[in-house]
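Straight run, no breaks: the sequence shown in numbering that gives the first Met the number 0 ends on number 560.
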Amino acid sequence: MTISLPGFDIKKWKNYADWRLLLFLLLFINVHIPLKIAALLFVYLTQFNFKFGFKLFNSRIPLFYILVFPIAVIAAIINRNFFNVYYIPVFGWALICWALALLAVHQVKLMVDKTDAETIYRTLVIFFIINAVFSAANLLHIMWIIKSINPYAYMGMHQRYFINTGDDVMGLSFDISSTNAVLCAFGVFYFIYKGNLAMMIVCMSTLVLTYSNLISILFLLILTFIFIFKTTRSQKSMIVVALMIYIVSMAKISPQNGKYLNEVTASALRENRPEKQIKTVNNTASDVNSLLISKEENRRKFAQHYLDSLSVLKARQEKLTELDKKIKGLPLTDYGRLYIPEPNTHFAEFYNIGQVTPDRQQLIDCIAIHWAQLPLCHVEPFMPALPGKITAAAQTFNYFVTNPLQSIAGLGAGNFSSKIAFRAAGAGIRGDYPKNYVYINPAFMGNHFDLYLSFFSKNAEFRSVRNNPYSTYDQMLSEYGIMGLLALIIFYIGFFARHYKQISYGLPIIMMVAGIFFLDYWFEQLSVLIIFELMLFLNIKETTASNLKTKTTVPEELTYA
């Protein structure tokens with residue numbers, strides 16, 4: 000599908016794209032909450048409508064968005080959370096986030112229903128071009144600072160950028176780079192099925208600039224799946240181009256990221272073996288026994304020790320001779336000095352300058368305050384056998400095994416695993432929070448909070464996405480219980496997935512969302528899911544209209560054949 004840009008005719012430009020939808024997306028995607036609220040105010044003032052259309056069957060928008068409210072209230076009442084006055088703002092903020100998400104999805108559905116698919120397509124083209132421009136601006140800003148063309152290979156400034164350059168490619172969301180990576184992944188799938196090679200390259204090139212490893216792995220797996228099972232020949236060609244862009248970027252722009260990913264995978268799979276215990280000799284018992292030995296035996300032992308000493312000296316001399324031979328065999332530089340190969344500088348130890356950053360110091364101070372309640376932070380040396388995400392899932396499972404009654408509706412919003420739970424802890428995690436209103440549930444303190452602090456208060460090698468306990472599935476199970484998790488799977492993912500036989504680009508996007516739910520609290524992010532919902536509503540509309548058109552054109556006698 001190609002796009003021809005209109006001239007300077009105002010009427011043509013007015014109808015070229017849905018500018019209200021575009022402005023809404025640009026504001027709502029931004030990480031700052033005031034801009035999200037401004038986006039909703041703008042769209043509701045221009046399109047006043049509160050008819051959500053919830054139904055048990057064939058609901059207009061996912062029933063999940065209305066179910067979370069009663070589940071949250073039930074959980075708070077059962078667990079007596081309101082007895083703690085500091086919990087009230089936490090609970091209130093959690094409900095506000097759900098309300099914002101509900102209001103946003105309702106308006107997106109309205110705009111999809113009232114706007115033709117071609118206009119929304121052009122709107123999305125403009126959206127992803129703007130995101131690519133912002134991402135390129137992020138990169139150019141870094142290049143201006145370091146005065147180097149390739150920041151991914153720049154090792155100055157204590158390797159402030161280098162392998163971490165992608166973290167600063169935030170795009171128009173101004174959020175973490177993984178948000179940008181997910182948006183671009185949606186764009187790649189969308190434009191592959193739309194046949195727009197140029198826009199696919201734009202989105203793919205932006206995605207690789209983020210170098211978000213876990214997102215990239217998930218994306219590549221899904222790309223491989225659709226290559227095998229659900230694409231035409233021309234679409235497969237576009238997938239090959241996308242894979243080539245990724246391979247070339249890893250090989251030429253930032254090979255350190257590929258090496259780092261391999262080492263991280265190897266270290267995650269490596270078994271942590273306990274150190275050998277060194278047995279000490281009981282000197283007192285030895286001295287007593289020596290007095291019972293006869294003089295002759297002492298002489299014999301003295302002679303034996305003397306001969307053994309000569310053997311040890313001879314062995315050392317032979318080793319020194321072998322060492323001299325090895326030294327002579329070492330390669331030399333042009334100046335006659337020994338050649339020493341460069342170290343593997345892409346790994347964390349080489350860019351850790353030993354200084355404690357302010358955010359890490361805040362975590363260390365938090366540990367000092369709550370030291371008695373953080374058992375994992377006591378473990379020294381810290382050598383985790385599993386990544387933090389897997390340990391977090393085990394913590395949630397173990398907690399509900401010992402507290403089965405709380406597994407039905409969960410512990411309540413903000414009490415175990417959520418963005419607001421971390422933020423309300425007052426440690427600077429996921430945003431600032433008023434110190435006088437800090438709230439930490441004991442269950443959260445002894446599990447996910449302890450786990451997070453034990454990893455992220457350490458050196459750079461431990462502060463990785465794979466070690467944080469963020470997960471939407473974990474959030475729904477721990478804070479909203481089995482009821483919440485089932486609501487997510489059946490009434491949110493299932494709401495869109497039931498169309499899997501008809502939709503095209505919607506299928507890999509659903510798979511992508513199902514995967515990223517393991518990686519962060521995306522509903523509280525109020526960002527990428529609105530693009531997901533827009534694309535799925537659009538794809539369902541396109542396939543529904545196509546099916547209706549097919550039925551009207553097929554002769555009646557053939558439809559009953």
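Ideal Cβ placement from N, Cα and C applies to all residues, glycine included.
- Runs of the alpha helix (DSSP H) lying entirely within the segment 365 to 426, each at least 4 residues long, are 387 to 401 and 418 to 423 in chain order.
- Using a Cβ distance threshold of 8 Å, V67 and Y479 count as a contacting pair.
- In this structure, I502 lies away from V181, with their beta-carbon atoms at least 8 Å apart.
- Per DSSP, S470 lies in no alpha helix (DSSP H) and is assigned neither H nor E.
- Excluding sequence positions up to five before and after I439, its CB lies within less than 6 Å of the CB of A424, all in the same chain and listed in chain order.
- Residue environment for R429: buried (at least 16 other C-beta atoms within 10 angstroms of its C-beta).
- Distance from the Cα of Y245 is smallest, within the candidate group V437, K457 and L208, for L208.
- The three-state secondary structure of R19, taken from DSSP, is helix.
- Looking at F421, V247 and W18, the one whose alpha-carbon comes closest to that of T114 is W18.
- In the displayed model, F41 falls within a helix according to three-state DSSP.
- Taking 8 Å as the cut-off, the beta carbon of A392 is found no closer than this to the beta carbon of L450.
- Straight-line measurement puts the Cα of E117 at about 13 Å from the Cα of A544.
- M511 is positioned such that its CB atom lies no closer than 8 Å to that of L206.
- Of the candidates W370, A384 and K434, W370 places its Cα closest to the Cα of L452.
- The Cβ-Cβ distance between L487 and L99 does not fall below 8 Å.
- With a 10 Å radius around the Cβ and a threshold of 16 neighbouring Cβ atoms, W97 comes out buried.
- With the rule of 3 Cβ pairs closer than 8 Å, the segment 133 to 145 does not count as touching the segment 76 to 93.
- Cβ atoms of L171 and I36 stay farther apart than 8 Å, at about 18 Å.
- Under the three-state reduction of DSSP output, M444 falls in the helix class.
- S456 and I363 do touch by the CB rule: their CB atoms are close to 5 Å apart, below 8 Å.
- By the Cβ neighbour-count rule, K11 is exposed, with fewer than 16 other Cβ atoms within 10 Å of its own.
- Residue state for Q361 is assigned as helix, using DSSP reduced to three classes.
- Collapsing the DSSP output to three states places N458 in coil.
- Taking a C-beta distance under 8 Å as the contact criterion, G409 and A74 qualify as a contact pair.
- One thing to note: I481 has its Cβ within 8 Å of the Cβ of S406.
- Fully enclosed alpha helix (DSSP H) runs of no fewer than 4 residues occupy 116 to 145 and 155 to 158 of the segment 97 to 168, in order along the chain.
- Here S58 carries a coil assignment [DSSP, helix/strand/coil].
- When C-alpha distances from F81 are compared across N48, G413, I95 and Y210, the shortest belongs to G413.
- For K500, no alpha helix (DSSP H) run applies, since DSSP gives it neither H nor E.
- DSSP places K235 inside the alpha helix (DSSP H), whose first and last residues are R232 to V247.
- When secondary structure is reduced to three states using DSSP, D519 falls in the coil class, being assigned neither helix nor strand.
- Taking C-beta separations shorter than 8 Å and ignoring five residues to either side along the sequence, the partners of F173 in its chain run N29, V30 and H31, following chain order.
- The C-beta distance from F133 to F531 rounds to 20 Å, too long to fall under 8 Å, and the pair is not in contact.
- When DSSP states are grouped into helix, strand and coil, F47 belongs to the coil group.
- M203 and A131 have their C-alpha atoms spaced approximately 10 Å apart.
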